[in-house]
Amino acid sequence: MTEIQKAMGLEFLKYKVGNLEESLEYKQSVLVDGSALLFGLDVVKRWVHDKTHLIVIPVYAIDTLDFYKNVSDAETQHLSRCASAFIEKELKKGGVRLQQGVKLVDNHAANVANALRPLSAEFKLVVARCSQDSEGRLNIDETTHHAEQAGYSVDLLLPAEIEDAKLWHKQRQLRYLKRKNGKKRGQDRETHRE
């Protein structure tokens, strides 16, 4: 093999590696609706952990979570409080961004449209079907319709995707507990030796 062929081969490999690195750095840009935060939070947590998505939380989603903290259904209250705690934690760590400068109105569909308007078309709106919504505030069909009319694609979290993320989250919790208990047992053994 000549020196020119070696140099060309090396340049080709650099080009291929560069393309692979760029493809790994690509992140899907998503605007996460309140429904996805309530009923698909484990999916969002997985995206944050895997660093596969640029996640933007619109102000109207925070407003939706605040609303659901005060409903009569205890499970929905719990879900909204968990989502709020997650957002607060991730905002401090930089795992999610809060969308600024979008004023809230009384119409949910208008809030969705207003939140999408300043974003580029590469953003997807992420929604989840509600298992229960006694207040009727999360009309996913209407939200999807308005987002698509504005030219944005919508990613509906599927039940299987949500269940898979819940399982992933439980497995992570179990691994954490095993590590924590293993360290505690090791400390107990050292204490008994003394």
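In this note's numbering, the protein residues as written are -3 to 190.
Beta carbons are placed, not taken as given, at the ideal position from N, Cα and C, and that holds for glycine.
All values reported here derive from a predicted model rather than from experimental measurement.
Sequence-distant Cβ neighbours of Val150 in its own chain, meaning closer than 7 Å and more than five residues away, are Lys120, Leu121, Val123, Thr140, Ala143, Glu144. Under the three-pair Cβ rule at 8 Å, the region 169 to 178 does not count as touching the region 66 to 86. Val101 counts as exposed, since fewer than 16 other C-beta atoms from the protein chains shown sit within 10 angstroms of its C-beta. Considered as a whole, the region 5 to 67 harbours 30 to 35, 37 to 46, 55 to 64 as its complete alpha helix (DSSP H) runs of no fewer than 4 residues, in chain order.
When DSSP assignments are scanned along the region 66 to 91, the uninterrupted stretches of alpha helix (DSSP H) that are 4 or more residues long and fall wholly within it turn out to be 70 to 89. Distance from the CA atom of Val108 to the CA atom of Leu152, rounded to whole angstroms, is 15 Å. Short of 8 Å from the beta carbon of Lys162, and not among the five residues preceding or following it, lie these beta carbons of its own chain, in chain order: Asp38.
Put simply, of Cys126, Leu154, Lys99 the residue whose alpha carbon is nearest the alpha carbon of Leu75 is Cys126. Per DSSP, Asp151 is one residue of the beta strand (DSSP E) stretching across 149 to 153.
For the set Phe82, Glu7, Leu61, Ala70, the Cα lying nearest the Cα of Trp43 is the one of Phe82. Under DSSP, Ala124 forms a beta bridge with Leu153. As DSSP reads the structure, Leu112 sits in no beta bridge. When secondary structure is reduced to three states using DSSP, Leu94 falls in the strand class.
Under the criterion of beta carbons closer than 8 Å, Asn110 and Val92 do not qualify as touching, at roughly 19 Å. In the three-state reduction of the DSSP assignment, Asp160 falls in the helix class. Collapsing the DSSP output to three states places Ala117 in coil. Of Asp29, Gln1, Leu134, His45, the smallest CA-CA separation from Arg168 is found for His45. In terms of CA proximity to Asp62, Ser80 leads the group Asp137, Lys47, Ser80, Thr48. Per DSSP, the continuous alpha helix (DSSP H) segment holding Asp137 begins and ends at 136 to 145. Excluding residues up to 5 positions away in sequence, Val123, Ala124, Cys126, Leu134, Ile136 lie with their Cβ nearer than 7 Å to the Cβ of Ser31 in the same chain.
Straight-line spacing of the CA atoms in Gln73 and Asn103 works out to 22 Å.
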